[in-house]
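Colleague: Can you keep this structure in mind? I'll have questions shortly.
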Amino acid sequence: MSRVLSCNAAPSEVPISEPSVITATIDLTKPVSAATWKIELLVDMTHSKRLLPITVTEAAYVPAGPSTVDLQVPFVVLEGLSRQQLLHYSLLQAILQDSSGVEVLRTGIVTEIYQAASQILRRYSDDS
């Protein structure tokens, strides 16, 4: 069974408008050709959830066995969310898909989105 061995993001605290990097170590049971990583933010609000697509990587070969990937996370687009809706805990998800769009594996990082002074920041929890 394919699995995620570790996953973290850096920097651990960053303005929401700044990029960051997810580093994931995975162990695949079989290789995936033309694989893509879909990055999205699941915003968990009091009575609903909202999925914000962030980016999809270019297709690449991912070998079987353990490997590490660095995924660039550009700034998060906040269109359609009020400040009140946004300032919650969220889940930054990275989903590995095969060439047909079928999910191979998924990992997530708990993300706190909060306001400090005049900036909106995101803080990632560490899986270690």
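Counted from 1, the sequence shown has number 49 at position 63 by this note's numbering; the numbering is strictly sequential. For glycine and all other residues, C-beta sits at the position ideal for the given N, C-alpha and C.
Between V59, S85 and V(-10), which has its C-alpha nearest V0's C-alpha?
Modeller: Along the sequence shown, one-based indexing puts residue 0 at 14. Looking at the Cα atoms, V59 is the closest of the given residues.
Colleague: Leaving out five residues on either side along the sequence, give the residues of the same chain with a beta carbon under 8 angstroms from the beta carbon of A20.
Modeller: Here residue 20 is taken as the residue at index 34 of the sequence shown, counted from 1. Here the set comprises A45, A46, Y47, D84 and S85.
Colleague: At the level of alpha carbons, what is the spacing between C(-7) and P17?
Modeller: Position 7 of the sequence shown, counted from the start, is the residue given in the question as residue -7. Position 31 of the sequence shown, counted from the start, is the residue given in the question as residue 17. Looking at the two C-alpha atoms, the distance is approximately 20 angstroms.
Colleague: For a test of the three-state rule: what should DSSP assign to G94, helix, strand or coil?
Modeller: Stepping through the sequence shown from its first residue, residue 94 is reached at position 108. Three-state result, G94: strand.
Colleague: On the DSSP letters alone, give me the boundaries of the alpha helix (DSSP H) that L72 sits inside.
Modeller: Taking the sequence shown and counting its residues from 1, one reaches residue 72 at position 86. From DSSP, the alpha helix (DSSP H) with L72 extends over R69 to L72.
Colleague: At which residues does the beta strand (DSSP E) containing D30 begin and terminate?
Modeller: As a first step, residue 30 is located in the sequence shown; it is residue number 44 there, counting from the start. V18 to D30 is the extent of the beta strand (DSSP E) around D30.
Colleague: Should S(-2) be labelled buried (16 or more other beta-carbon atoms within 10 Å of its own) or exposed?
Modeller: Taking the first residue of the sequence shown as position 1, residue -2 is located at position 12. That one is exposed.
Colleague: Would you tell me roughly how many angstroms separate the C-alpha atoms of L107 and I95, rounded to the nearest one?
Modeller: Indexing the sequence shown from 1 puts residue 107 at position 121. Indexing the sequence shown from 1 puts residue 95 at position 109. The straight-line gap from Cα to Cα measures roughly 15 angstroms.
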